[in-house]
Amino acid sequence: MLTRKQHELLLFIHERLKESGIPPSFDEMKEALDLASKSGIHRLITALEERGFIRRLPNRARALEVLRLPESIAPGLSPQRRFSPGVIEGGLSRKAAPAPRAASNDDDAGAAVSIPVMGRIAAGVPIEAIQHKTHSIAVPPEMIAGGEHYALEVKGDSMIDAGILDGDTVIIKNASSANPGEIVVALVDDEEATLKRFRRKGASIALEAANPAYETRIFGPDRVKVQGRLVGLIRRY
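Quick note on our numbering: the sequence shown kicks off at 35 and runs consecutively.
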């Protein structure tokens with residue numbers, strides 16, 4: 035699966051090759067995706083190459099070849115702008131405090147409600163957001179009373195002191211705001227997402243880990259969007 039930015043860049047390169055036969059420059063890609071620096075383009079190009087969507091041709095400047103397009107998007111179609119959060123990568127740890135509202139596999143499946151699992155969320159350093167439903171999961175109805183909910187698979191160890199372990203599945207209530215101290219899915223700069231505790235530092239927003247190995251990250255209020263609040267957790271043993 036590709037992130038929104040990866041989709042945009044892949045389609046931009048594809049359309050430019052169709053029009054002129056010449057790949058766009060890194061400056062043109064940066065401007066088209068409205069990124070602040072070319073380092074973000076380097077990262078996206080590497081991710082597309084690793085996933086087998088493009089190939090860099092050796093010994094040729096600006097030489098890129100599109101090998102394939104995502105099956106979910108036809109050539110020439112603009113990528114979906116709506117974000118459904120999820121981030122990949124992170125470390126491993128099994129050291130944790132009691133999990134918030136955890137549900138076991140012994141819950142009554144007959145009374146369960148199905149909600150979508152929207153990829154993975156980094157409980158660690160934000161990487162990039164995944165915007166596709168991967169599958170569905172059944173959860174106890176009392177865990178999702180009122181509102182729209184989705185689930186995310188946790189990768190990383192930054193929230194272990196809040197009882198959230200690598201491999202857990204968190205249940206998120208869709209929301210665009212949060213109270214200080216709540217654990218949220220936060221979207222940073224419209225392309226990175228992470229699971230962190232929400233704080234305010236004056237006019238700024240702080241995303242606080244529950245692991246002393248990770249620093250609190252502070253952003254201007256226009257750089258962070260709350261995508262949902264943690265309401266439950268499912269752990270498999």
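Where is the CB? At the ideal position from N, CA and C, for every residue including glycine.
Inspect the beta-carbon positions of Ile47 and Phe60 and report whether they are closer than 8 Å. The residue you call residue 47 lines up with position 13 of the sequence shown. The residue you call residue 60 lines up with position 26 of the sequence shown. In this structure, Ile47 lies away from Phe60, with their beta-carbon atoms at least 8 Å apart.
Contact between the segment 197-207 and the segment 180-187: three or more CB pairs below 8 Å? Yes: at least three Cβ pairs fall under 8 Å.
Determine the burial state of Glu242: buried for a count of at least 16 other Cβ atoms within 10 Å of its Cβ, exposed for fewer. Working through the sequence shown from its first residue, we reach residue 242 at position 208. Label assigned to Glu242: buried.
If the criterion is Cβ atoms closer than 8 Å, does the pair Pro175 and Ala209 meet it? Taking the first residue of the sequence shown as 1, we reach residue 175 at position 141. Taking the first residue of the sequence shown as 1, we reach residue 209 at position 175. Not in contact: Pro175 and Ala209 (Cβ atoms no closer than 8 Å).
Can you list, in chain order, the residues of its chain with a C-beta nearer than 6 Å to that of Lys259? Leave out the 5 residues immediately preceding and following it. As a first step, residue 259 is located in the sequence shown; it is residue number 225 there, counting from the start. Cβ neighbours of Lys259 beyond the five flanking positions: Leu221.
For Ser148, write down the residues that DSSP places opposite it in a beta bridge. Against the sequence shown, residue 148 aligns to sequence position 114. Ala172.
I think Ala157 touches Gly190, with their Cβ atoms under 8 Å apart; what is that distance to the nearest whole Å? For this step, residue 157 is matched to residue 123 along the sequence shown. For this step, residue 190 is matched to residue 156 along the sequence shown. Correct: roughly 4 Å between the Cβ atoms.
If I follow the unbroken beta strand (DSSP E) through Leu186, where does it start and stop? In the sequence shown, the residue the question calls residue 186 occupies position 152. Its beta strand (DSSP E) spans residues 183-189.
Less than 8 Å between the CB atoms is what I'm expecting for Leu18 and Arg89, so what's the real figure, rounded? Only positions 35 to 271 of the chain appear in this structure, which leaves residue 18 out of reach.
So, with DSSP's three-state summary, where would you put Thr80? Your numbering for residue 80 matches position 46 in the sequence shown. In the three-state reduction of the DSSP assignment, Thr80 falls in the helix class.
If we ignore side chains and look at the alpha-carbon of each, how far apart do Leu272 and Leu45 end up? Any property of residue 272 remains undetermined from this structure, which presents the chain solely from 35 to 271.
Ile178 versus Asp200, Pro246, Ile268, residue with shortest Cα-Cα distance: As a first step, residue 178 is located in the sequence shown; it is residue number 144 there, counting from the start. With distances taken between Cα atoms, Ile178 lies closest to Ile268.
Proximal residues to Leu51 (C-beta, below 7 Å), its chain only, five neighbours per side dropped: As a first step, residue 51 is located in the sequence shown; it is residue number 17 there, counting from the start. These residues qualify, in order along the chain: Pro57, Val100.
Cβ shell of Val265 (< 6 Å), same chain only, five flanking positions each side left out: Sequence index remark: in the sequence shown, residue 265 carries index 231 (1-based). Excluding positions up to five away in sequence, the list reads Ile205, Lys207.
Can you name the start and end residues of the beta strand (DSSP E) that Ser238 belongs to? As a position in the sequence shown, residue 238 is number 204, starting the count at 1. Where Ser238 is concerned, the enclosing beta strand (DSSP E) stretches over 238-242.
According to DSSP, is Ile178 helix, strand or coil? The sequence position of residue 178 within the sequence shown is 144, counting from 1. Three-state DSSP puts Ile178 in a helix.
Through-space distance from Arg257 to Glu225, alpha-carbon basis: Along the sequence shown, read from residue 1 onward, the residue named residue 225 stands at position 191. Along the sequence shown, read from residue 1 onward, the residue named residue 257 stands at position 223. If I take the Cα positions, the gap works out to 10 Å.
Would Ser71 be called buried (16 or more neighbouring beta carbons within 10 Å of its own) or exposed? Here residue 71 is taken as the residue at index 37 of the sequence shown, counted from 1. With fewer than 16 other Cβ atoms inside 10 Å of its own Cβ, Ser71 counts as exposed.
Please classify Ser170 as buried or exposed, where buried requires at least 16 neighbouring CB atoms within 10 angstroms. Along the sequence shown, read from residue 1 onward, the residue named residue 170 stands at position 136. Ser170 comes out exposed.
6 Å Cβ shell around Thr168 - same chain, five flanking residues per side excluded: Counting from 1 along the sequence shown, the entry for residue 168 is found at position 134. Cβ within range, chain order: Val151, Gly153.
Please say whether Glu42 and Leu67 have beta carbons closer to each other than 8 Å? By one-based count along the sequence shown, residue 67 stands at place 33. By one-based count along the sequence shown, residue 42 stands at place 8. Result yes, Cβ atoms of Leu67 and Glu42 sit closer than 8 Å.
Is it buried or exposed, Ala131, if we count other Cβ atoms within 10 angstroms and call 16 or more buried? Residue numbering aside, residue 131 sits at position 97 when the sequence shown is read from its first letter. Residue confidence is low: Ala131 scores 34 on pLDDT, short of 50, so the model does not pin down where it sits. No coordinate-derived value is stated.
Limits of the unbroken alpha helix (DSSP H) element including Ile205: Counting from 1 along the sequence shown, the entry for residue 205 is found at position 171. Looking at the DSSP string, Ile205 is not in any alpha helix (DSSP H); the run it does join, the beta strand (DSSP E), is 203-208.
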